[in-house]
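A.B. asks: Let me begin by handing over the structure; questions about it come next.
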Amino acid sequence: MASTFVFFLLSTLSLAFSPPEAEAQSLPPIVNGLSFTFYKSTCPKLESIVRKFLKEQFEKDIGLAAGLLRVHFHDCFVQGCDGSVLLDGSASGPSEKDAPPNLTLRPEAFKAINELRVLIDNACGRVVSCADVVALAARDSVFLSGGPQYRIPLGRRDGRRFATRNATLASLPAPTFNISTILSILSRINLDAADLVALSGGHTIGRSHCSSFSNRIFPSRDPTMNRAFFDHLRFTCPTASSTNTTPLDFRSPNAFDNKYYVDLVNREGLFTSDEDLFMNSKIKSIVQSFAVNQTLFFEKFVFSMVKMGQLGVLTGGKGEIRANCSARNDDKIAIWRAMEKEGDKAVY
Ligand code: HEM
């Protein structure tokens, strides 16, 4: 009886003192103009709409989660998280989507963003930016694949222009790059080695085409690669030009967990940019710590994702809320709407 009482007391106390989610997690500073309650009054159902829709979609295709997570990364690294990666090319030139690193983004991910956009518009009107939809979809992709649950600040606005092919290429690290080259790209956007190791953990889900790691298996085995893993990859990619795909984390391809780091420790990382994290004497210890402690990885991943998700954001009156995530709002329509508003005020 006494022990039942003590158990009851302890459980009650732990419930009463468990801190709310945002306080429990260590987060980077929040950029001015973004907030955790941004759509509280204008679109209170936003997060439940996104979660419900993605849960249904992932039951049909769990690969979509990886696709959505990568879209957010490719959006943020190229001129900030402004939804520019979603824009289709126009007469003025090819868009970011047409640049080589983005050609392997999944079309299903772009489709899902557009479908979400329609659902959100129907519920709330055009108040939520496409950049925020991308950020929320990435966040839920992590959680619904077994990763951490966390909150992200919202209030991003959509950019009105996409980056050039060269700017896109210069902003996104290639899988063949070594760590010092990648760190110098990251330093331009204020990300460091700790962020790189944690964010690379995104490779715990999803797939890669043979072309992205052919430098490690052709013409011969990269000596830092485990021999059995090499044999397995050469079976999947019999020639350097093979168009086949393989999971990024073969231990648990669809689960968001810390197995990616276990792969690296066993020399079973897919890209040079992955395995080099373990070969680098300065950051090897971070990889090892994540390989043995998933909670630690989740904590650092959340921190760096919230940091990445705020890169170069447009807030307040900057940018726009796109009507269609694949195209910027038509200038003529915007001017016409403004004139209409002025007209409302006019006395005839
Ligand atoms: C260090 C920089 C990074 C490099 C060089 C890199 C490179 C790549 C490459 C080459 C692919 C495979 C593309 C293909 O052949 O289909 C890929 C896939 C992927 N990347 Fe990264 N990546 C990096 C960082 C990140 C970050 C920061 C995230 C997210 C936090 C991320 C998430 C993903 C995901 C989820 C996939 C699988 C996509 C799918 O299955 O459709 N990557 N990455």
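Counted the way mature numbering (1 follows the signal peptide of the UniProt record, and there is no 0) counts, the sequence shown spans residues -24 to -1, 1 to 324.
By construction, the Cβ of each residue, glycine as well, lies at the ideal position given by its N, Cα and C atoms.
The structure presented is a predicted model; accordingly, all values stated were derived computationally and were not measured.
1) Taking the runs of the beta strand (DSSP E) that are 3 residues or longer, which of them lie wholly in the region 179 to 250?
2) With 16 as the cutoff for other CB atoms within 10 Å, does Asn78 come out buried or exposed?
3) If I measure Cβ to Cβ from Ala267 and keep anything under 6 Å in the same chain, skipping five residues before and after, which residues do I get?
4) Do Phe274 and Gly178 have their CB atoms nearer than 9 Å?
5) My guess is that Ala114 and His48 are in contact by the Cβ rule of under 8 Å, so how many angstroms apart are they, rounded?
6) Note the first and the last residue of the continuous alpha helix (DSSP H) segment covering Val263.
7) From the DSSP output, read off the bridge partner residues of Asp134.
8) So what's Leu290 in DSSP terms, helix, strand or just coil?
9) Please name the residue in Leu287, Pro83, Gln264, Phe29 whose C-alpha comes closest to that of Asn234.
10) I'd like to check one pair, Arg133 with Ala111: are the Cβ atoms closer than 9 Å?
11) Between the alpha carbons of Arg203 and Arg197, how many angstroms are there, rounded?
12) Any heavy atom of the ligand MN closer than 8 Å to the CB of Met284?
13) Beta carbon of Phe29: closer than 8 Å to some heavy atom of the ligand HEM?
14) Is it buried or exposed for Arg304, if we count other Cβ within 10 angstroms and need 16 for buried?
15) With DSSP collapsed to three states, give me the class of Ser302.
16) Only counting the same chain, and skipping five residues up and downstream in sequence, which positions put a Cβ closer than 8 Å to that of Val54?
17) Can you tell me the Cα-Cα spacing of Arg136 and Arg298, whole angstroms?
18) Let me know if Phe211 comes out buried or exposed under the rule of 16 or more other beta-carbons within 10 Å of its beta-carbon.
19) If you draw a straight line from the alpha carbon of Ser190 to that of Thr13, how long is it in whole angstroms?
20) Which whole-angstrom value describes the C-beta separation of Ile165 and Leu44, a residue pair presumed to lie in contact below a C-beta threshold of 8 Å?
21) The alpha helix (DSSP H) with Pro83 in it runs from where to where?
22) Assign Gly69 to one of three DSSP states: helix, strand, or coil.
23) Which residues in the same chain as Arg227 place their Cβ atom closer than 7 Å to its Cβ, once the five residues preceding and following it in sequence are excluded?
24) Between Thr152 and Ala99, what straight-line distance do the alpha-carbon atoms span, to the nearest angstrom?
25) Please tell me whether, using a cut-off of 8 Å, the distance from the CB of Pro83 to the nearest non-hydrogen atom of the ligand HEM is below it.
26) Please list, in chain order, all residues of the same chain as Leu120 whose beta carbon is under 7 Å from its beta carbon, the five residues on each side excluded.
27) Ser147 lies in the alpha helix (DSSP H); which residues open and close that run?
28) Just tell me which of Ser249, Cys213, Phe279 has its CA closest to the CA of Ala150.
C.D. replies: Quick look at the numbers:
1) 183 to 185, 221 to 223
2) If you number the sequence shown from 1, residue 78 lands on position 102. Buried is the call here.
3) Along the sequence shown, read from residue 1 onward, the residue named residue 267 stands at position 291. Result list for Ala267: Tyr237, Val238, Val241, in chain order.
4) Mapped onto the sequence shown, residue 274 falls at position 298. Mapped onto the sequence shown, residue 178 falls at position 202. Result no, Cβ atoms of Phe274 and Gly178 do not sit closer than 9 Å.
5) Reading the sequence shown from its first residue, position 138 is the one you call residue 114. Reading the sequence shown from its first residue, position 72 is the one you call residue 48. Right, their Cβ atoms sit about 3 Å apart.
6) If you number the sequence shown from 1, residue 263 lands on position 287. Residues 260 to 268.
7) Within the sequence shown, the letter at position 158 stands for residue 134. Paired residue(s): Glu296.
8) The residue given as residue 290 occupies position 314 in the sequence shown. Residue state, collapsed to three classes: strand.
9) Taking the first residue of the sequence shown as 1, we reach residue 234 at position 258. The candidate whose alpha carbon is nearest that of Asn234 is Gln264.
10) Here the question's residue 111 lines up with position 135 in the sequence shown. Here the question's residue 133 lines up with position 157 in the sequence shown. In this structure, Arg133 does not lie closer than 9 Å to Ala111 by Cβ.
11) Numbered from its first residue, the sequence shown carries residue 203 at position 227. Numbered from its first residue, the sequence shown carries residue 197 at position 221. Using only the alpha carbons, I get a separation of about 8 Å.
12) Because the ligand MN does not appear in the structure shown, any question about it cannot be addressed here, the ligands present being the ligand HEM.
13) Residue numbering aside, residue 29 sits at position 53 when the sequence shown is read from its first letter. Every heavy atom of the ligand HEM is 8 Å or more from the Cβ of Phe29, so no.
14) Against the sequence shown, residue 304 aligns to sequence position 328. Arg304 should be labelled buried.
15) Translated into the one-based positions of the sequence shown, residue 302 becomes position 326. Reduced to three states, the DSSP call for Ser302 is coil.
16) As a first step, residue 54 is located in the sequence shown; it is residue number 78 there, counting from the start. Excluding sequence neighbours, Val54 sits near Ser60, Val61, Glu72, Ala139, Ala143, Thr144, Ser147, Leu148.
17) Against the sequence shown, residue 136 aligns to sequence position 160. Against the sequence shown, residue 298 aligns to sequence position 322. Using only the alpha carbons, I get a separation of about 9 Å.
18) The residue labelled residue 211 in the question sits at position 235 within the sequence shown. Phe211 comes out exposed.
19) As a position in the sequence shown, residue 190 is number 214, starting the count at 1. As a position in the sequence shown, residue 13 is number 37, starting the count at 1. Ser190 and Thr13: Cα-Cα distance of roughly 45 Å.
20) Numbered from its first residue, the sequence shown carries residue 165 at position 189. Numbered from its first residue, the sequence shown carries residue 44 at position 68. Contact doesn't hold; Cβ gap of about 21 Å is too wide.
21) By 1-based counting over the sequence shown, the position of residue 83 is 107. It spans 83 to 100 - the alpha helix (DSSP H) in which Pro83 sits, taken as one unbroken run.
22) The residue you call residue 69 lines up with position 93 of the sequence shown. Here Gly69 sits in strand by DSSP.
23) Your numbering for residue 227 matches position 251 in the sequence shown. Only Lys235, Val238, Asp239 meet the Cβ criterion.
24) The residue labelled residue 152 in the question sits at position 176 within the sequence shown. The residue labelled residue 99 in the question sits at position 123 within the sequence shown. Computed Cα separation, rounded: 44 Å.
25) For the purposes of this step, residue 83 is taken as the residue at position 107 of the sequence shown. No, since every heavy atom of the ligand HEM falls outside the 8 Å radius drawn around the Cβ of Pro83.
26) Here residue 120 corresponds to residue number 144 of the sequence shown, with the count starting at 1. Closer than 7 Å at the Cβ level, and outside the excluded window around Leu120, lie Leu30, Lys31, Phe34, Ala41.
27) The residue you call residue 147 lines up with position 171 of the sequence shown. Taken as a continuous stretch (DSSP letters only), the alpha helix (DSSP H) holding Ser147 covers 141 to 147.
28) The count along the sequence shown starts at 1 and reaches residue 150 at position 174. The candidate whose alpha carbon is nearest that of Ala150 is Ser249.
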